[in-house]
Structures are given as structure tokens and as C-alpha cells.
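Comments concern the structure below.
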Amino acid sequence: MKWSVENLACRRGQLRILEGVTFQIAAGEALILRGPNGAGKTTLLRCLAGLTPPLEGQINAPEDTIAYAAHADGLKAQLSVAENLAFWAAVFESDPDSAVENAIAAFDLQALRDRRAGALSAGQKRRLSLARMVVTGRPIWVMDEPTVSLDVENVARFARAVEAHLAKGGSALIATHIDLGLPNARVLDITPFTKLSGTHTDDPFEEAFE
Amino acid sequence: MIALLRRDLALAFRAGGGFGLGLAFFLIVTVLVPFGVGPNSATLGLIAPGILWLGALLACLLSLDRVFALDWEDGSLDLLATAPLPLEGVAVSKALAHWITTGLPLVAISPLLGLFLSLPTGAMPWLILSLLIGTPALSWLGTFGAALTVGLKRGGLLMSLLVLPLYIPTLIFGAEVIKRGADGLATATPLAFLAGITLGTVALLPFATAAALRVNLR
């Protein structure tokens with residue numbers, strides 16, 4: 000699925016962080032988002048995911064096509080690996096059995112499927128959290144540093160999962176500091192769009208909460 | 000929505016889920032009152048409706064800060080907000096799960112506690128009925144308060160201050176139903192008010208809860 004972002008301005012809290020972000024992603028393409036810490040990668044991704052409304056500009060993607068993977072794993076410690084995935088399959092209205100099985104196979108979670116998520120290692124939790132993206136069945140993956148706490152073997156496994164997703168006509172926007180080993184991925188440096196001056200204070204409701 | 004409700008119920012009943020917290024608190028309050036007030040059953044019977052409703056209300060309040068805080072901390076609230084389920088639906092399932100794990104057990108155990116407080120037998124059906132009709136309002140109002148304070152460190156105090164005034168009408172009419180029932184008077188008016196408050200909160204507050212969540216998730 001082809002989608003694009005035009006002249007997007009995003010904020011984080013009261014601060015206007017990004018301005019004029021423009022890019023296009025074609026079907027089957029991955030875009031790697033780079034930039035130093037604090038450049039606004041997470042801000043951009045949260046804006047694309049629909050959590051923060053953009054200040055200006057527009058996101059030209061059909062509704063309900065973006066799946067977002069955040070820094071936090073978003074797992075329930077008391078539920079098993081399979082139960083966590085089955086929950087998201089139900090929420091995203093995917094086929095509960097095949098979606099969960101595909102996700103478990105893609106991230107090699109078969110041996111862990113009945114273990115409580117709370118008893119997993121950090122890397123295993125990460126894999127479970129990434130497996131959720133397969134379960135959503137959405138064509139656009141927007142991911143925030145997905146390889147944190149993954150070992151080399153599992154970074155490769157993640158890259159294969161992204162490639163499989165791209166081969167099916169999906170697309171991915173991935174903020175990362177390491178080389179994922181995706182051969183055809185373009186790189187977008189976010190630094191030119193970063194703007195750290197000026198505050199955004201036209202929303203009194205927001206002010207009351209911060 | 001059903002998936003979220005089922006997940007929340009499963010979490011509540013598993014280890015560390017907090018089911019029974021409100022129930023235990025309700026039990027403690029009503030069991031301790033006779034020790035403080037004295038065993039005179041006439042006095043106890045007089046204050047029983049108020050004590051029972053107050054206990055139920057505080058028990059509800061006790062478990063409210065878990066409604067959204069746990070999902071906020073582990074990041075699943077962000078992910079839920081980007082899911083196809085509208086936040087209004089999230090609000091309804093959360094409130095319903097809170098009521099099933101907190102309000103419903105209180106309703107079930109209330110006749111026993113009414114007995115502890117020498118509540119006249121004639122008032123028992125009214126006790127159950129008023130709690131059954133009134134406690135959903137406590138859960139829905141509380142979910143709204145929890146949404147307003149989600150993400151705030153130590154937001155529990157602020158939430159209690161925000162929510163308690165909203166609980167007052169339910170408390171007044173709920174206790175009034177039982178008092179009138181005990182005296183053999185007509186209970187239709189306070190019961191209608193109680194039901195009206197509950198229906199109003201159930202219909203309107205999910206929208207306010209979702210709006211508060213949207214602001215807090217930015």
C-alpha cells in the first residue's frame with residue numbers, strides 16, 4: 000500500500016518538535032528513520048499512529064491501516080504468550096487461530112507459547128511484542144526501535160518477518176540506530192525537520208494536564 | 000470490546016489481579032462498625048443503610064486507580080488507542096469489568112453484611128436492589144475519574160477528590176431507598192432517581208472518558 004506524509008508538523012507535550020516532514024512510501028518498501036536521540040523519531044511515529052494529532056500537514060494513508068509498535072512492549076505479565084497474541088487478534092478482528100500461529104512461527108515462540116509473559120526474558124518479551132504486529136494484519140507497520148534487547152539471530156529473524164510483510168505488499172517505517180540488514184530499505188534522516196524552539200500553547204485543556 | 004472485557008476479567012481473577020480488594024475492604028468496614036458503635040441493634044439498624052452504602056462507595060474507589068494505570072504503565076493503553084476498537088468502547092469495557100469485579104461481589108455479599116448491622120429484614124430486598132441499580136454509576140463515574148488522571152504520578156488522591164463529589168447523589172438516593180424500605184414507605188422516587196443517575200452515567204460518560212484518554216495519551 001502506497002502512502003505519504005506531507006509537510007507534517009508534530010508536537011510532544013507543549014513543544015513543537017518537527018516541521019515540514021514529507022516522505023512517500025510505496026507498497027513493499029521499508030523506510031528506515033534515523034536521527035540522534037531527541038530528534039523527534041518517537042514524536043513522528045506517535046503522530047502517525049494517531050496518538051497525537053498533527054499540528055499541520057497531513058497523513059495520506061487510509062484509515063485503520065497503520066499498526067504501531069511502541070518502546071514499551073504492551074504485554075500482560077499474567078497472560079501466556081498465546082493468550083497475549085489471541086487478545087490482540089480479537090481486538091484487531093484477525094482470524095484468531097491462523098494469525099496467532101503465523102506470528103508464533105515468525106518469531107520462533109512455539110516453545111514459549113504457554114509461558115506467562117511475565118516469566119520471559121527481555122528479548123523474548125520483545126519478540127512477543129513484535130509478533131503482535133503480524134497478528135494485527137495491518138498493511139503499514141510503524142515501529143519504534145524494534146530491535147532493542149534482541150540478539151543478532153533475532154534481529155535477522157525480525158528482518159525476515161519485515162521482508163515477508165513487504166513481500167505481501169505491506170510497508171514499514173522503522174526508527175532504529177542499527178543496521179537491520181534489509182537490502183532495499185531507504186533511509187530518512189529526521190534531523191533537518193527537527194525544531195526545538197517555540198512552544199505551542201493554544202490549547203488550555205492540554206495545559207491543565209501538564 | 001468483548002475481548003477486552005474478557006482479558007480484564009481474566010487478569011482480575013489471576014494472581015495479583017486485585018479481585019477481592021474492594022470486597023475485603025467492604026467486609027472490614029461493616030464488620031468493624033458494630034465494634035465502634037456498640038452492639039445496640041436499634042442504633043445499628045438506624046445507621047446500617049448509610050454505612051453499607053458508604054462502605055460500597057469507598058470499596059469501589061479503592062480499586063479505581065488500577066482501571067487504566069496498569070495498561071498505561073505497560074504501554075498497552077497506547078496500543079489499544081491505535082486499535083480499531085474506539086476508545087469509547089474501551090471505556091465501556093473497562094467500566095463494565097470494574098463493575099463485575101467490584102460492584103457485583105458487593106451486591107452479592109450485602110445481605111450478609113446487612114445482617115451484621117441488624118438491618119431490618121424488610122429492608123434486605125431494597126438493600127440488594129439499590130446496590131444493584133446504583134453501583135454501575137460508581138464504576139462508570141470512577142472510570143471517568145481514572146481516565147482524567149491516567150499518567151499522573153500518584154494520581155489516586157486527585158482522582159478521589161474528583162470522583163467523590165460525583166458519587167454524592169448516588170449515595171444519597173441509594174441510602175434513602177434502604178431507609179424508606181426499612182420503614183415500609185414508598186421507595187419508587189429515590190429508586191427512580193438512582194436508576195436515572197445510573198442510566199445517565201452509563202449513556203454519557205464513556206464519551207467523556209474517551210475524550211479524557213485522548214488528551215492524556217498525546
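One line per chain: the protein sequences are A and B, in this order. Each residue of the first sequence is one higher than the one before, counting from 0 in numbering that gives the first Met the number 0. Each residue of the second sequence is one higher than the one before, counting from 0 in numbering that gives the first Met the number 0. Using N, Cα and C, we set each Cβ at its ideal position, and we do this for glycine too. The structure displayed is predicted, hence computed values, not measured ones.
Residue i versus residue j: straight-line alpha-carbon distance, rounded
i, j, result
"Glu209(A)", "Gly12(A)", "The pLDDT assigned to Glu209(A) is 48, lower than 50, so where the model puts this residue is not dependable; a value taken from the coordinates is nonetheless given after this. Distance between the alpha carbons of Glu209(A) and Gly12(A): 8 Å."
"Asp295(B)", "Ser93(A)", "With chain B running from 0 to 217 in the structure shown, residue 295(B) is simply not present."
"Phe192(A)", "Val161(A)", "26 Å"
"Phe115(B)", "Leu161(B)", "32 Å"
"Lys178(B)", "Pro48(B)", "6 Å"
"Asp107(A)", "Val214(B)", "38 Å"
"Arg131(A)", "Ala68(A)", "8 Å"
"Val90(A)", "Leu127(A)", "16 Å"
"Val147(A)", "Arg125(A)", "8 Å"
"Cys59(B)", "Ala80(B)", "25 Å"
"Pro52(A)", "Asn59(A)", "14 Å"
"Ile139(A)", "Met0(A)", "8 Å"
"Ala105(A)", "Pro145(A)", "15 Å"
"Leu170(B)", "Trp52(B)", "6 Å"
"Asp150(A)", "Ile103(A)", "18 Å"
"Leu216(B)", "Leu50(A)", "6 Å"
"Gly141(B)", "Val20(A)", "40 Å"
"Ala55(B)", "Gly199(B)", "20 Å"
"Arg115(A)", "Phe86(A)", "14 Å"
"Ile108(B)", "Phe206(B)", "32 Å"
"Leu57(B)", "Ile167(B)", "12 Å"
"Glu175(B)", "Val36(B)", "21 Å"
"Gly33(B)", "Leu43(B)", "For clarity, residue 33(B) is Pro in the given sequence; the question names Gly instead. Roughly 7 Å separates the two Cα atoms."
"Asn6(A)", "Leu54(A)", "10 Å"
"Gly34(A)", "Arg6(B)", "38 Å"
"Pro135(B)", "Ala181(B)", "23 Å"
"Ser129(B)", "Leu137(B)", "12 Å"
"Gly180(A)", "Ala171(A)", "14 Å"
"Asn153(A)", "Ser159(B)", "46 Å"
Segment limits, alpha helix (DSSP H) that includes residue i
i, result
"Thr81(B)", "First-last for Thr81(B): undefined, no H or E at that position."
"Asn39(B)", "Where Asn39(B) is concerned, there is no enclosing alpha helix (DSSP H), given that its DSSP letter is neither H nor E."
"Gly113(B)", "103-115"
"Leu187(A)", "Run containing Leu187(A): none in the alpha helix (DSSP H); it sits in the beta strand (DSSP E), 185-188."
"Glu72(B)", "65-72"
"Gly141(B)", "123-147"
"Ala11(B)", "1-12"
"Gly199(B)", "187-216"
"Ile177(A)", "From DSSP, Ile177(A) is part of no alpha helix (DSSP H); its letter is neither H nor E."
"Ile221(B)", "What is shown of chain B runs 0 to 217, which leaves residue 221(B) out entirely."
"Leu43(A)", "40-48"
For residue i, the first and last residue of its enclosing beta strand (DSSP E)
i, result
"Asn36(A)", "First-last for Asn36(A): undefined, no H or E at that position."
"Leu14(A)", "14-24"
"Arg10(A)", "2-11"
"Gln56(A)", "Residue identity differs from the one stated: residue 56(A) is Gly in this sequence, not Gln. 55-59 is the extent of the beta strand (DSSP E) around Gly56(A)."
"Ile65(A)", "65-68"
Nearest-angstrom Cβ-Cβ length linking residue i and residue j, presumed shorter than 8 Å
i, j, result
"Gly73(A)", "Ser75(B)", "4 Å"
"Pro110(B)", "Ile127(B)", "6 Å"
"Ala68(B)", "Phe143(B)", "Contact doesn't hold; Cβ gap of about 14 Å is too wide."
"Ala90(B)", "Thr208(B)", "4 Å"
"Leu4(B)", "Leu95(B)", "6 Å"
"Ile189(A)", "Met142(A)", "Rounded, the Cβ-Cβ distance is 15 Å, inconsistent with contact."
"Thr101(B)", "Gly154(B)", "No, Thr101(B) and Gly154(B) are not in contact; Cβ-Cβ is about 18 Å, not under 8 Å."
"Thr197(B)", "Ile132(B)", "6 Å"
*Taking only runs of the beta strand (DSSP E) that begin and end inside the stretch 82-169 of chain A, which ones reach a length of at least 3 residues, in chain order?*
139-143
*Going along the chain, which residues of the stretch 53-84 of chain B sit with their C-beta nearer than 9 Å to a C-beta in chain A?*
Leu69, Asp70, Glu72, Asp73, Gly74, Ser75, Leu76, Asp77, Leu78, Leu79, Ala80, Thr81, Ala82, Pro83, Leu84
*asked:* By the 9 Å beta-carbon criterion, what residues does the stretch 44-75 of chain A contribute toward chain B?
replied: Arg45, Ala48, Gly49, Leu50, Thr51, Pro52, Asp63, Ile65, Ala66, Tyr67, Ala68, Ala69, His70, Ala71, Asp72, Gly73, Leu74, Lys75
*What residues in the stretch 83-97 of chain A have a beta carbon less than 7 Å from any beta carbon of chain B?*
Phe86, Ala89, Val90, Phe91, Glu92
*Report the residues of the stretch 119-153 of chain B with a CB closer than 7 Å to any CB of chain A, ordered along the chain.*
none
_Give me the subset of the stretch 166-192 of chain B whose CB atoms are less than 9 Å from a CB atom of chain A, sorted by chain position._
none
*Mind listing which residues of the stretch 192-217 of chain B have their C-beta closer than 7 Å to chain A's C-betas, in chain order?*
Val214, Asn215, Leu216, Arg217
*For the stretch 143-155 of chain A, enumerate the residues whose C-beta is nearer than 9 Å to any C-beta of chain B, in chain order.*
none
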